[in-house]
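In my numbering, the protein residues as written are 17 to 497. Where is the CB? At the ideal position from N, CA and C, for every residue including glycine. Note that the coordinates shown come from a computational prediction; the quantities given were computed from them, not determined experimentally. Before any comments, here is the structure.
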Ligand code: ARG
């Protein structure tokens, strides 16, 4: 790359600058001149990976303890390192720490700050450790924390859903297929469908978390370490369930990032679908729900508007989770073993996915909590779309007509009703009997939407008694979390 290339987005001054402070103090030994400031800027990741500071420090403290046990450092040196790292943590958290782009990343910024506080002891901390096993370990620890946050956020939204569903166990609404009115369901049953979607996301995240609980530390750059580090103890301290069994794989594996991103993109799809329904239902055409003001915004020109922007942005933002997954897959697909610097690019993708997910779950909770159902409109819509046509077919089946035959007969009744511009429940019994002599007065209980929902009592069905059971079951599951 030419240093004075005109196409770069670096400030011209920086492009032209000669490197004055020669080499990076942490890896500059073999370099005559330092990397150009352009290269330093281009390779730096500090803006993105500084989020790892807390797990990086936690990992370094545990690693220093392991070095002491292995007699690589003395107890005194360990104390110096620990004290220094604790101070650095406090400085970062109070905003006093000065992050330097010239020190590339979070690991070297912290190590270099430690050198100033703990002198020679600090210089021993990297014995038998490489940034390659360090960053893989850090990222797993960070994702573990963030996934826990997501799990809590999912559970909290599920509780909000259950509260609404309990209020509407028996509220009738049209259920949809192809976005056409299909059969009566209860609003509570529909809301509990959202709960089920999130329940699968929860279990996928737990799986991802368990699968990533393999500690890479001790793999060093790629070949493993010659020092007697007690990896099992280290893993225990850092919350890992097991140890990586191949150092080459351990430093280059990013399956856990892809798997988390994949899980979050499925969650994103769910959040988007839920929000699509909220947008639809809150429109004046549907008017099934009213949203609280706190999650809506107005229009700068149309004074009457109350727009569901939060729901729309959750729906729109979810596309980032899919894009991030694609980004990660394409980042990884051609990489030879073991570590390659390309891997540094993984963080931006996964951090964006996890932040979108956690933020959106919190906002979705607000949306659902503040949602007021308009049960009158839902009920009124059950007078549209021949919503109990399937129940009429079921009626004929109960009178021993084979289902396919019943389906055809009801199809003819529906065509007749539509030609008259009425619903099938508005037809006289005498009219219905023209299509089948088996129809008599008792048919009315099949044509009533409320009776229709009450009849669907199998496990997973929309009958209020069944929805009550499922809500109780869900509550029990959530209570254990
Ligand atoms: N910032 C790097 C990353 O995120 C750390 C590892 C650097 N390793 C190296 N050999 N240059 O991947």
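Can you tell me where the alpha helix (DSSP H) holding residue i begins and where it ends?
{"i": "residue 366", "result": "362-385"}
{"i": "residue 50", "result": "No alpha helix (DSSP H) contains residue 50, which DSSP labels as neither H nor E."}
{"i": "residue 391", "result": "391-397"}
{"i": "residue 402", "result": "Here residue 402 belongs to no alpha helix (DSSP H), and DSSP marks it neither H nor E."}
{"i": "residue 450", "result": "Note, residue 450: premise wrong, no alpha helix (DSSP H); not H, not E."}
{"i": "residue 93", "result": "91-109"}
{"i": "residue 320", "result": "Run containing residue 320: none; DSSP gives neither H nor E here."}
{"i": "residue 351", "result": "Looking at the DSSP string, residue 351 is not in any alpha helix (DSSP H), and its letter there is neither H nor E."}
{"i": "residue 436", "result": "419-436"}
{"i": "residue 441", "result": "Careful: residue 441 lies outside any alpha helix (DSSP H) and carries neither H nor E."}
{"i": "residue 80", "result": "69-85"}
{"i": "residue 477", "result": "Per DSSP, residue 477 belongs to no alpha helix (DSSP H) and is neither H nor E."}
{"i": "residue 289", "result": "271-297"}
{"i": "residue 1", "result": "Residue 1 is absent from the structure shown; the chain starts at 17 and stops at 497."}
{"i": "residue 462", "result": "460-463"}
{"i": "residue 268", "result": "263-268"}
{"i": "residue 63", "result": "62-65"}
In angstroms, rounded to a whole number, what distance separates the CA positions of residue i and residue j?
{"i": "residue 31", "j": "residue 300", "result": "Bear in mind that the predicted position of residue 31 carries a pLDDT of just 49, short of 50, making it too unreliable to give a figure here."}
{"i": "residue 18", "j": "residue 51", "result": "Low confidence applies to residue 18: its pLDDT is 40, below 50, so where it sits in the model is not reliable, and the reading given next is rough at best. Each residue's Cα considered, the two are about 14 Å apart."}
{"i": "residue 448", "j": "residue 429", "result": "7 Å"}
{"i": "residue 493", "j": "residue 174", "result": "11 Å"}
{"i": "residue 58", "j": "residue 65", "result": "14 Å"}
{"i": "residue 476", "j": "residue 181", "result": "14 Å"}
{"i": "residue 510", "j": "residue 151", "result": "No answer is possible for residue 510: it lies beyond the span of the chain, which begins at 17 and ends at 497."}
{"i": "residue 154", "j": "residue 68", "result": "7 Å"}
{"i": "residue 235", "j": "residue 144", "result": "8 Å"}
{"i": "residue 112", "j": "residue 104", "result": "9 Å"}
{"i": "residue 415", "j": "residue 454", "result": "7 Å"}
{"i": "residue 458", "j": "residue 413", "result": "14 Å"}
{"i": "residue 474", "j": "residue 355", "result": "54 Å"}
{"i": "residue 259", "j": "residue 228", "result": "11 Å"}
Under the assumption that residue i contacts residue j (Cβ atoms under 8 Å), give the Cβ distance between them as a whole number of angstroms.
{"i": "residue 304", "j": "residue 421", "result": "Going by Cβ atoms, the distance from residue 304 to residue 421 rounds to 36 Å, so no, they are not a contact pair."}
{"i": "residue 377", "j": "residue 337", "result": "Going by Cβ atoms, the distance from residue 377 to residue 337 rounds to 12 Å, so no, they are not a contact pair."}
{"i": "residue 307", "j": "residue 437", "result": "34 Å between Cβ atoms; not a contact."}
{"i": "residue 465", "j": "residue 403", "result": "6 Å"}
{"i": "residue 89", "j": "residue 139", "result": "That belief does not hold up - the Cβ atoms of residue 89 and residue 139 are roughly 10 Å apart, past 8 Å."}
{"i": "residue 400", "j": "residue 197", "result": "6 Å"}
{"i": "residue 370", "j": "residue 162", "result": "5 Å"}
{"i": "residue 246", "j": "residue 137", "result": "That pair is no contact at about 20 Å."}
{"i": "residue 366", "j": "residue 224", "result": "Actually they are not in contact, since the Cβ atoms of residue 366 and residue 224 sit about 11 Å apart, beyond 8 Å."}
{"i": "residue 274", "j": "residue 217", "result": "Contact doesn't hold; Cβ gap of about 16 Å is too wide."}
{"i": "residue 120", "j": "residue 172", "result": "Not quite, the Cβ-Cβ distance comes to about 38 Å (not below 8 Å), so this is no contact."}
{"i": "residue 397", "j": "residue 462", "result": "In fact, because the Cβ distance is near 19 Å, the residues do not count as touching under 8 Å."}
{"i": "residue 382", "j": "residue 311", "result": "5 Å"}
Is the shortest distance between the beta-carbon of residue i and the beta-carbons of chain C less than 8 Å?
{"i": "residue 80", "result": "Reference to chain C is not applicable here, since this structure consists of a single protein chain."}
Completely contained beta strand (DSSP E) runs for the stretch 177-250, where each covers 3 or more residues:
188-193 and 196-202
Extract the residue ranges of the alpha helix (DSSP H) inside the stretch 107-149, only unbroken runs of 4 or more that lie entirely within it.
122-134 and 136-140
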